[in-house]
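Numbering (UniProt numbering), first residue to last: 1 to 588.
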């Protein structure tokens, strides 16, 4: 009944053209914002205006819901409009707003926000014009009908008319004549109680800013971390002290997007020294970030949920002399999911870098971001000027617990991690080292900053061969067994293309060649890894491998034969040729 009376009041009540236009425009502007974290300044501005201006709140709510539905259905169209605005003739205007104080929080660097606000103005004006014309036309017809008072009285005495009048207008409503309603154009543009509420809200914000920033920043941090992680992120609280220039994060738990009952990363407490001078320009500059009591791979109390779009299927491998993961590993799908997540993170870190620009056209890169993040979360990062929106100059975490390295903890160190590496002046660098030196890695993203190429160095020592061999596809039996292996991986890495070489060195390991065991002890085997990060090609030169193994096996047998039978000179050479012939036959 409340809804029907609101509709009736809109038609027969005191609603003025100003109230209709204000309601339609503000409702549409609010509805076309994907979420508060995308454009907090815009959302707060439109909400405060909706309270202050004497707009019809019921109509604004209806338009807001309709606009939100249009945004969800027509997201690609909204994105395309935003792309025209941010990359077209109005780019200069948006660049100024994106980098200016306060308006930097308007989220206009999101394609969907920029495009949505323009469409909101068009749809809001069109809808308001249609409603205002329809209501005016209805009132004129009713005014003409009211001049025939006898017919109108008989009409209003009917029971069903009285019932509808009660439902849509209520008792005592609609007493003004249609002539009076048509004469009102503007009315009072301000809502007195709305002004009072806004004054109280502003006063509370001014007096209790430190109290209200924690839940606001916590909500923003949680939303952005979940978008980057692709799964649930739990946060107890995020507290920012502007006076002390310190940010404190408590109870961070990031669910593993591929194993939702496990935490990808967790930390009881994170402390950051924040530079507060650029906060109005939406620049978060952190001089030093320390993660305390950190862990990875721990079980969660409750399973997380996947958030956002999932990775699209990897393209078919187009390197004939390389094998894909499916043909090499029995658990290839798990590796591809992990690598797809790593690719998404690398794309976010490398946004705007030369590595992606050289490998892909801008439209291809934009399509990749859309697939990874969804239309609503893609930004025009290249419009940011001066300094990165987020810049962590130094990050460290000591003693990270993880089940992946038995009895060892990891130390994390990083420098110049930012959303816009090209503006930071130095390439992002991250290193991760186990305290027992069984694992060492270093990632330098010079390609993201435009100062070189992305380089990865990783060393894994004393890995047990049998668990690894069990995951390698073969003829029903592991191709190698026993002992340990060291893997030294290095080379260029990127989201679109990689050129890595893994030097695999065996210790106490045996292989099967021609049905016979061959000792691999001390043997170093190069493995090439190329192609997209989420679907790499792996090349193991089988002919070279067989040559090494045959030579190794032949040498050992020859040494034993010469010692046992005392062969020398031409006799030893003849024995060697005989052994080579035997190996060739076994190979067939």
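Backbone N, C-alpha and C fix where the C-beta goes; we use that ideal spot for every residue, glycine too.
For residue 385, count the other beta carbons within 10 Å of its own beta carbon; 16 or more makes it buried, fewer makes it exposed. Which is it?
Here residue 385 corresponds to residue number 385 of the chain shown, with the count starting at 1. With fewer than 16 Cβ atoms within 10 Å of its Cβ, residue 385 is classed as exposed.
With DSSP collapsed to three states, give me the class of residue 115.
For the purposes of this step, residue 115 is taken as residue 115 along the chain shown, with counting starting at 1. Here residue 115 sits in helix by DSSP.
Cut-off 7 angstroms between Cβ atoms - residues of its own chain near residue 197, not counting five sequence neighbours on either side
Looking up residue 197 in the chain shown gives position 197. 51, listed in sequence order.
Quick test of the definition: if touching needs 3 or more C-beta pairs under 8 angstroms, does the region 223 to 233 touch the region 241 to 248?
no
Determine, using beta carbons only, whether residue 304 and residue 403 come nearer to each other than 8 angstroms.
For the purposes of this step, residue 304 is identified with residue 304 of the chain shown, where counting begins at 1. For the purposes of this step, residue 403 is identified with residue 403 of the chain shown, where counting begins at 1. Contact flag unset, no.
Rounded to whole angstroms, what is the Cα-Cα separation between residue 491 and residue 256?
Position 491 of the chain shown, counting from 1, holds the residue named residue 491. Position 256 of the chain shown, counting from 1, holds the residue named residue 256. Those two C-alpha atoms are separated by around 27 angstroms.
Let me check one thing: in DSSP terms, what residues is residue 229 bridge-paired to?
Residue mapping note: residue 229 aligns to position 229 of the chain shown, counting from 1. The partner list for residue 229 (beta bridge, DSSP) is empty, contrary to what the question assumes.
Decide if the region 457 to 469 is in contact with the region 422 to 430; the criterion is three or more beta carbon pairs, one per stretch, under 8 angstroms apart.
no
Mind checking which residues open and close the alpha helix (DSSP H) that includes residue 530?
Start at 1 with the first residue of the chain shown, and residue 530 comes out as number 530. Counting along the chain, residue 530 falls outside any alpha helix (DSSP H), though it belongs to the beta strand (DSSP E) covering 524 to 530.
Is it true that the region 35 to 54 meets the region 86 to 101, where meeting means three or more beta-carbon pairs spaced less than 8 angstroms apart?
no
Three-pair Cβ contact test at 8 angstroms for the region 369 to 381 versus the region 254 to 271
no
So, under 8 angstroms CB-CB, residue 118 and residue 85 are touching, yes? Tell me the CB distance rounded to an integer number of Å.
Translated into positions along the chain shown, residue 118 becomes position 118. Translated into positions along the chain shown, residue 85 becomes position 85. Indeed, because the Cβ distance is near 6 angstroms, the residues count as touching under 8 angstroms.
Between the beta-carbon of residue 23 and the beta-carbon of residue 67, is there less than 8 angstroms?
Looking up residue 23 in the chain shown gives position 23. Looking up residue 67 in the chain shown gives position 67. It is not a contact, given that the beta carbons lie outside the stated cut-off.
How many angstroms separate the CA atom of residue 281 from the CA atom of residue 99?
Along the chain shown, read from residue 1 onward, the residue named residue 281 stands at position 281. Along the chain shown, read from residue 1 onward, the residue named residue 99 stands at position 99. Cα-Cα distance, rounded: 6 angstroms.
By the DSSP assignment, the alpha helix (DSSP H) with residue 367 in it spans what residues?
Here the question's residue 367 lines up with position 367 in the chain shown. Element bounds for residue 367: 362 to 373.
Please state if the CB of residue 396 and the CB of residue 417 are separated by a distance shorter than 8 angstroms.
By 1-based counting over the chain shown, the position of residue 417 is 417. By 1-based counting over the chain shown, the position of residue 396 is 396. Against a cut-off of 8 angstroms, the Cβ pair of residue 396 and residue 417 comes out as no contact.
Grab the span of the alpha helix (DSSP H) containing residue 99 for me, first residue to last.
Translated into positions along the chain shown, residue 99 becomes position 99. Taken as a continuous stretch (DSSP letters only), the alpha helix (DSSP H) holding residue 99 covers 91 to 99.
Just list the alpha helix (DSSP H) runs in the region 438 to 504, keeping only unbroken ones of 4 residues or longer that don't cross its boundaries, in chain order.
Whole alpha helix (DSSP H) segments, 4+ residues: 446 to 449 and 465 to 469.
Selection from 365, 291 and 221 that minimises the alpha carbon distance to residue 497:
For the purposes of this step, residue 497 is taken as residue 497 along the chain shown, with counting starting at 1. The residue with the shortest Cα to Cα distance from residue 497 is 365.
Simplified DSSP state of residue 78, which is helix, strand or coil
Reading the chain shown from its first residue, position 78 is the one you call residue 78. Reduced to three states, the DSSP call for residue 78 is helix.
Beta carbon of residue 443: closer than 7 angstroms to some heavy atom of the ligand SAM?
The ligand SAM is not among the ligands present in this structure, which contains no ligands whatsoever.
Between residue 35 and residue 120, which are expected to be in contact by the criterion C-beta below 8 angstroms, what is the C-beta distance as a whole number of angstroms?
Position 35 of the chain shown, counting from 1, holds the residue named residue 35. Position 120 of the chain shown, counting from 1, holds the residue named residue 120. About 15 angstroms; that fails the 8 angstroms criterion.
Could you give the first and the last residue of the continuous alpha helix (DSSP H) run that contains residue 406?
Position 406 of the chain shown, counted from the first residue, corresponds to residue 406. Taken as a continuous stretch (DSSP letters only), residue 406 belongs to no alpha helix (DSSP H), as it is neither H nor E.
In chain order, what residues of the same chain have a beta carbon less than 7 angstroms from the beta carbon of residue 261, not counting five sequence neighbours either side?
Position 261 of the chain shown, counted from the start, is the residue given in the question as residue 261. Cβ neighbours of residue 261 beyond the five flanking positions: 299, 300 and 303.
What are the boundary residues of the beta strand (DSSP E) that residue 392 is part of?
Residue mapping note: residue 392 aligns to position 392 of the chain shown, counting from 1. Here the beta strand (DSSP E) through residue 392 covers 390 to 401.
Could you check if residue 356 is buried or exposed, using at least 16 other CB atoms within 10 Å of its CB as the buried criterion?
One-based indexing of the chain shown puts residue 356 at position 356. Interpretation of residue 356 is limited by its pLDDT of 44, a score under 50 that renders its predicted location unreliable; the figure taken from the coordinates is listed afterwards. Buried, since its Cβ has 16 or more Cβ neighbours within 10 Å.
Span of the alpha helix (DSSP H) holding residue 58?
Locating residue 58 in the chain shown gives position 58, where the first residue counts as 1. Looking at the DSSP string, the run of the alpha helix (DSSP H) that includes residue 58 is 57 to 73.
Residue 265, DSSP secondary structure in three states
Within the chain shown, residue 265 is the residue found at index 265, counting from 1. Correct three-state label for residue 265: strand.
So the candidates are 484, 530, 470 and 487; which of them puts its Cα closest to the Cα of residue 499?
On the chain shown, position 499 is the one that residue 499 refers to. Residue 499 has its Cα closest to that of 530, out of 484, 530, 470 and 487.
Which listed residue (284, 488, 480 and 494) has its alpha carbon closest to that of residue 508:
One-based indexing of the chain shown puts residue 508 at position 508. For the residues 284, 488, 480 and 494, the minimum Cα distance to residue 508 belongs to 480.
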